[in-house]
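Structure first, commentary second.
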Amino acid sequence: MNKITSRILTKIGDMDLLKKIISLPKSEFNSLMLEIFKMQMEDTSPKDVLKAYEINRFVKPSEIDSMAYSLFEYHVLRIAKSLDFENILLSPSAPLGSCSAFGCVNQYNVLSAVRGTETLADPSNMLAIIIADKIKNKTLAQDITHTLTTTRVVRAQPIPDIKGFYAHFGVLCMVSHGKDVGLYMCETNLISKHVEYVKKLLMEQEQSLLEISVEFRKRNGYKDSDGLLKKIAELMELQFPDMNTIFDYSDSDNNYYKGVNYKIYIIKDGEKIELGDGGFVDWISQMTGSKKERCLITGIGIDRFIV
0 MNKITSRILT KIGDMDLLKK IISLPKSEFN SLMLEIFKMQ MEDTSPKDVL KAYEINRFVK
60 PSEIDSMAYS LFEYHVLRIA KSLDFENILL SPSAPLGSCS AFGCVNQYNV LSAVRGTETL
120 ADPSNMLAII IADKIKNKTL AQDITHTLTT TRVVRAQPIP DIKGFYAHFG VLCMVSHGKD
180 VGLYMCETNL ISKHVEYVKK LLMEQEQSLL EISVEFRKRN GYKDSDGLLK KIAELMELQF
240 PDMNTIFDYS DSDNNYYKGV NYKIYIIKDG EKIELGDGGF VDWISQMTGS KKERCLITGI
300 GIDRFIV
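Numbering-wise, numbering that gives the first Met the number 0 puts 196 at position 197 of the sequence shown, and it's gapless, one number per residue.
Below, the structure is given as structure tokens:
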């Protein structure tokens, strides 16, 4: 329990209040929270709402040109369709805990809501949940699944006080899934698809031959991370020989990625610019209980393409 919460409970006079509340069934907890918000808003005036807007960083609009943003989204989705990605339009809400339960994210950095939801903070988690649900219900159409979405997300962690930085931003997210068939064939298949998409996106968007760099780093939590990284190195040399690739085989623990993660850069006017990152995660395996499930995620910030 943090100091602020402890101080509030002391002020109320019941240090066990939180334990009593969280012991309620979820339906009763939601009813209680809805009533609390309703009572809190009973004396709220329109002027209070305006004042709240003025001081709340989560609700301020972005200064990015909305037409340029929408055109870029269309461009992104068009390329995805040409490469047989399934474009998915996500809800702005996600199940409560969709990031913190298996994504190693502090719940304080997510906007928690009522009715068992939270504001969407990471579309990769949500796409993985959708795939896991289809696996559970045996409605997954293919053994290999490639999904993609574009959406705006809200994060609650501190942001720099710099023009152009907002608590909400656009994300292009890819999540691919397959089953382990040995010899890292599934993993390299998924990596190839994501790198192919990134290359096509950057080449078409910039309309010039930029230098693209992908830096792969070994992560623990995989049966044979060295073997996986070596197979990826062979793949990159064979399929993407014109792409600058760096491989780091040093041991590194990471509670988020398993086996391998990577960062995507472009070199523009002599400057190295990070566009996104990705890697393998075990989220679908955790949700389905099957160790054979493989899941690759890639996230790229949209706003930096527009600014």
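Note that beta-carbon positions come from the ideal geometry of N, C-alpha and C, so glycine has one too. Here the structure is a predicted model, which is why all the values come from computation and not from measurement.
Cβ pair residue i, residue j closer than 7 Å
i	j	result
L360	A155	Given that the chain is displayed from residue 0 to residue 306, the structure contains no residue 360 and the question cannot be resolved.
L95	T150	no
L23	L16	no
Y256	G275	no
V197	I265	no
C98	D121	yes
R216	N260	yes
D64	G169	no
V174	T118	no
N253	R218	yes
I296	S123	yes
L147	F84	yes
G258	L227	yes
K230	T187	yes
Through-space distance from residue j to residue i, alpha-carbon basis
i	j	result
E214	T244	6 Å
D241	N55	46 Å
F304	A67	10 Å
F28	A100	19 Å
K290	L49	51 Å
G288	D132	12 Å
E62	L171	19 Å
M14	D42	28 Å
I87	G12	48 Å
S212	G298	15 Å
L234	L33	53 Å
V194	D160	33 Å
A79	L200	9 Å
Q204	K267	13 Å
Y248	D225	7 Å
K18	L31	14 Å
Residue i burial status per 10 Å Cβ neighbour count (16 or more: buried)
i	result
G115	exposed
M0	exposed
I272	exposed
A140	exposed
S251	exposed
T144	buried
A112	exposed
Q206	Since pLDDT at Q206 reaches only 47, below the 50 mark, its modelled position is unreliable, and no value is offered.
**Report entry** the region 174-183 in contact with the region 67-78 per 3-pair CB rule at 8 Å
**Finding:** no
Report task. Could you tell me whether the region 279-291 touches the region 162-172, where touching means 3 or more Cβ pairs closer than 8 Å? Result -> no
Report task. List in chain order: all unbroken beta strand (DSSP E) runs of 3+ residues lying wholly within the region 169-246. Result -> You should have 210-217.
**Report entry** Ordered list of alpha helix (DSSP H) runs contained in the region 254-288, each at least 4 residues
**Finding:** 282-287
Requested in this report: Can you check the region 36-79 for any alpha helix (DSSP H) of at least 4 residues that lies completely inside it and give the ranges in chain order?
Outcome: 45-54
Query raised in the report: Which whole runs of the beta strand (DSSP E) in the region 84-164 are 3 residues long or more, in chain order?
Result: Within the region 84-164, the runs of beta strand (DSSP E) at least 3 residues long that lie entirely inside it are, in chain order, 92-94, 116-118, 144-153.
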